[in-house]
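Student: Quick note: the sequence shown uses our numbering, first residue 99, plus one each step.
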Amino acid sequence: MIAVTGATGNVGRALVERLAAAGRPVRALTRDPGRAGLPARAEVVRFEPGRPDAQLAGVTKLFLYIQAVGEHTPAFLAAAREAGVRHVVLLSSGIIQEGADETHPIHVMHATVEQQIRDSGLAWTFLRPNAFAVNALQWAPQIRAGRTVRGVFADGLTAPIHEDDIAAVAERALLDDGHEGAVHRLTGPEAITNAGQVEAIGRAVGRDLEFIEVPPDQVSPELIPFVPPHMLQALLKAFEATVGATPEITGTVERITGDPARTFAQWVQDHAADFRA
Ligand SMILES: NC(=O)c1ccc[n+]([C@@H]2O[C@H](COP(=O)([O-])OP(=O)(O)OC[C@H]3O[C@@H](n4cnc5c(N)ncnc54)[C@H](OP(=O)(O)O)[C@@H]3O)[C@@H](O)[C@H]2O)c1
Numbered sequence: 099m100i101a102v103t104g105a106t107g108n109v110g111r112a113l114v115e116r117l118a119a120a121g122r123p124v125r126a127l128t129r130d131p132g133r134a135g136l137p138a139r140a141e142v143v144r145f146e147p148g149r150p151d152a153q154l155a156g157v158t159k160l161f162l163y164i165q166a167v168g169e170h171t172p173a174f175l176a177a178a179r180e181a182g183v184r185h186v187v188l189l190s191s192g193i194i195q196e197g198a199d200e201t202h203p204i205h206v207m208h209a210t211v212e213q214q215i216r217d218s219g220l221a222w223t224f225l226r227p228n229a230f231a232v233n234a235l236q237w238a239p240q241i242r243a244g245r246t247v248r249g250v251f252a253d254g255l256t257a258p259i260h261e262d263d264i265a266a267v268a269e270r271a272l273l274d275d276g277h278e279g280a281v282h283r284l285t286g287p288e289a290i291t292n293a294g295q296v297e298a299i300g301r302a303v304g305r306d307l308e309f310i311e312v313p314p315d316q317v318s319p320e321l322i323p324f325v326p327p328h329m330l331q332a333l334l335k336a337f338e339a340t341v342g343a344t345p346e347i348t349g350t351v352e353r354i355t356g357d358p359a360r361t362f363a364q365w366v367q368d369h370a371a372d373f374r375a
């Protein structure tokens, strides 16, 4: 049995759908099973990180999403080991790399959990993706409402990755041998600016969209939804670093899954409905 935390999230949902479609026993852990809308083949269980025993019974492999387990992580990992879990695949972050600012809050958050997993005695695989393509949904309310998009760093350059490509790598790491102790750095296949992403969305929905750059010191939390307010400044700093820098592009998705990583334009095709009024 494979347990997936954060099972209704961007990556978690894609992973549960993949495992269920492949006929693998999968337990989807979610705070609200009634609203999860996950495949019938998945066993959907209410997630209570402080009470791990029932949720981990019979589980041999675990996909871990940091925010779902939070402060309970060390105890949850100990319970997992006790319950017979052998391998944990962590959704970490590409922010962890050589030369990184190790005091950056996003670095601290992910590095702390990586260390807790190393200390747990479980076999592990760390997935370290860079920017998600799904971050573009931050602009969806503005795009549904008009033809201008106010946002930061028009020239910020990333190689956004499709959430299902991350899930595809997680699936292989959970099902195949040879991923224990591996760190997989994951990116999309090509670089694109923020303004370029908005243009690509405009092409997909058949409207000319204009990116209007907002200085970072004038950003209000509503402009960058999905981000906890206490993380906003740290995130803006990370976004700023994407201006004038060449983004990392790895071939890891194709190497591990056999399929090339999907482009941002392909991601937009999959999400065009989210941008239509
Ligand atoms: N966005 C990026 O560019 C980027 C880049 C690198 C790394 N990452 C990392 O990737 C992860 C985000 O992945 P994602 O987009 O798949 O996640 P997501 O869609 O934001 O959320 C995952 C799921 O986890 C559960 N959850 C969320 N917050 C929770 C909380 N505070 N307590 C308990 N459960 C919570 C929710 O499921 P239920 O309500 O069903 O329980 C949610 O659907 C983060 O750790 C992030 O740091 C992101």
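Just so you know, even glycine gets a beta-carbon here, dropped at the ideal spot from N, CA and C.
Only a predicted model underlies this, so the values are computations on that prediction, with no experimental measurement involved.
Just curious, the alpha helix (DSSP H) that GLY294 is in, first and last residue?
Tutor: Stepping through the sequence shown from its first residue, residue 294 is reached at position 196. Residues 292 to 303.
Student: By Cβ distance, which residues of its chain are closer than 6 Å to ARG139, with the 5 residues on each side in sequence left out?
Tutor: The residue you call residue 139 lines up with position 41 of the sequence shown. Here the set comprises ALA118.
Student: Have a look at GLY249, SER318 and GLU278 and flag the residue whose alpha-carbon is nearest the alpha-carbon of ASN233.
Tutor: Within the sequence shown, residue 233 is the residue found at index 135, counting from 1. When each option's Cα is compared against that of ASN233, the closest is GLY249.
Student: Identify which residue in ILE354, ALA105 and ARG301 has its Cα closest to the Cα of ARG283.
Tutor: In the sequence shown, residue 283 corresponds to position 185, counting from 1. Of the listed residues, the one whose Cα sits closest to ARG283 is ILE354.
Student: Below 7 Å, is the gap between the Cβ of PRO319 and the nearest heavy atom of ligand 3?
Tutor: Although ligand 3 was asked about, the structure shown includes only ligand 1 as ligands.
Student: With a floor of 4 residues, list each alpha helix (DSSP H) that falls wholly inside the stretch 233 to 277, ordered by position along the chain.
Tutor: Runs of the alpha helix (DSSP H) inside the stretch 233 to 277: 238 to 243 and 261 to 273.
Student: Return the first residue and the last residue of the beta strand (DSSP E) that GLU311 is part of.
Tutor: Here the question's residue 311 lines up with position 213 in the sequence shown. Per DSSP, GLU311 belongs to the beta strand (DSSP E) from 308 to 311.
Student: Which residues in the same chain as TRP237 place their Cβ atom closer than 6 Å to its Cβ, once the five residues preceding and following it in sequence are excluded?
Tutor: For the purposes of this step, residue 237 is taken as residue 139 along the sequence shown, with counting starting at 1. If we look at TRP237 and ignore the five residues flanking it on each side, its Cβ neighbours are VAL247.
Student: Have a look at GLY168 and ALA221 and give me their C-alpha separation to the nearest angstrom.
Tutor: Against the sequence shown, residue 168 aligns to sequence position 70. Against the sequence shown, residue 221 aligns to sequence position 123. Answer to the nearest angstrom: the Cα atoms are 20 Å apart.
Student: Does the Cβ of PHE224 lie closer than 7 Å to at least one heavy atom of ligand 1?
Tutor: In the sequence shown, residue 224 corresponds to position 126, counting from 1. No, the beta carbon of PHE224 sits no closer than 7 Å to any heavy atom of ligand 1.
Student: Just grab the DSSP bridge partners of GLU115 for me.
Tutor: Position 17 of the sequence shown, counted from the first residue, corresponds to residue 115. DSSP, once it has assigned bridges, lists no residue as partnering GLU115.
Student: Among LEU162, ILE193, VAL211 and GLY197, whose alpha-carbon lies nearest the alpha-carbon of HIS205?
Tutor: Mapped onto the sequence shown, residue 205 falls at position 107. The shortest Cα separation from HIS205 among LEU162, ILE193, VAL211 and GLY197 belongs to ILE193.
Student: Keeping to the same chain, check which residues put their C-beta closer than 8 Å to that of ALA332; ignore five residues upstream and five downstream.
Tutor: Reading the sequence shown from its first residue, position 234 is the one you call residue 332. Same-chain partners within the cutoff: HIS202, PRO203 and ILE204.
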